[in-house]
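The structure under discussion appears below in the form of structure tokens.
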Amino acid sequence: MSSRIAVVPGSFDPPTLGHLDVIRRAAALYDELHVLVVHNPGKEAMLPIAQRLTLLEQSIDEGDVEGNVIVASWSMGLLVDYATDVGAGVLVKGIRSQIDVAYESPMALVNRHLAHVETLFVLPDPAHALVSSSLVRQVSALGGDVSPFVPPAVARYLDTGARGV
Ligand code: PNS
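So this is what it looks like as structure tokens:
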């Protein structure tokens, strides 16, 4: 299995500036990077998967991301099944705090156990350390300005598209 292909998985509901920062860093490290929208049954979704894909594609296009980036979704089973299918030996995750380490470490060990897929943790820019999709969902639902926390494409969508304006 090649370690030159990697996957950045997540709910991306919605994509944030922290996500985009991790994608930008990972794209610079690998020949091919799959940004994979995975349905997380433990979270109530705000956006349909198709909308998250569109917003990720727009954000990456507009976001000064260099490299070979493929945006896709996966709902057919284990994340490592997708990684194995595309020949990826590495998952890349952003770590903002010790809470993320505690959340991500068991998944990394399980994924390595299941399919020998390693997880690479990267530190996003500290400017994004406190940004999360769940906070963005809450601020957006209550009518607040999310533009400091999300890529412009997401801000435009949440400001107008989500309301059908
Ligand atoms: O952005 P999120 O919600 O923190 O992403 C979590 C996600 C989607 C990466 C995680 O829930 C996941 O890997 N789901 C795939 C299901 C799977 O393979 N589970 C077993 C190993 S953890």
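Everything in the sequence shown is counted per our numbering, starting at 13 for the first residue and increasing by one.
For each residue, glycine too, the CB sits at the ideal point set by N, CA and C.
Any idea what DSSP makes of residue i, helix, strand or coil?
i      : result
Pro122 : As written in the sequence, residue 122 is Val, which differs from the Pro given in the question. Val122: helix per DSSP, three-state reduction.
Ser159 : coil
Ile17  : strand
Ser85  : strand
Val143 : coil
Leu172 : Going by the sequence as given, residue 172 is Thr instead of Leu. In this structure, Thr172 counts as coil in the three-state DSSP scheme.
Pro136 : coil
Ile111 : helix
Ser154 : Note that residue 154 is Leu in the sequence shown, not Ser. Note: Leu154 maps to coil in three-state DSSP.
Leu90  : coil
Val177 : Confidence is the limiting factor: at Val177 the pLDDT is only 49, short of 50, which leaves the residue's position unreliable, though a coordinate-based value still follows. If DSSP states are grouped into helix, strand and coil, Val177 belongs with coil.
Can you pull the DSSP bridge partners for residue i?
i      : result
Val102 : Ala18, Glu130
Between residue i and the ligand MN, is the CB less than 8 Å from at least one heavy atom?
i     : result
Leu41 : No copy of the ligand MN occurs in the structure displayed; its ligands are the ligand PNS alone.
For a minimum of 3 consecutive residues, which ranges assigned as the beta strand (DSSP E) are wholly contained in the stretch 22-83? 44-50
Would the stretch 61-71 and the stretch 145-160 be scored as touching if the rule is three or more Cβ pairs under 8 Å? no
Contact set, the ligand PNS heavy atom to C-beta under 5 Å: Pro21, Gly22, Ser23, Val50, Asn52, Leu90, Leu91, Met119, Val122
Inspect the CB distances between the stretch 87-97 and the stretch 66-79 and report whether three or more fall short of 8 Å. no
Across the stretch 163-170 and the stretch 24-40, are there enough close Cβ pairs to call them in contact, namely three or more that are closer than 8 Å? yes
contact_flag[the stretch 34-51, the stretch 79-87] where n(CB pairs < 8 Å) is 3 or more: yes
Mind the definition here: the stretch 129-140 touches the stretch 99-114 only if three or more C-beta pairs lie below 8 Å; say whether that holds. yes
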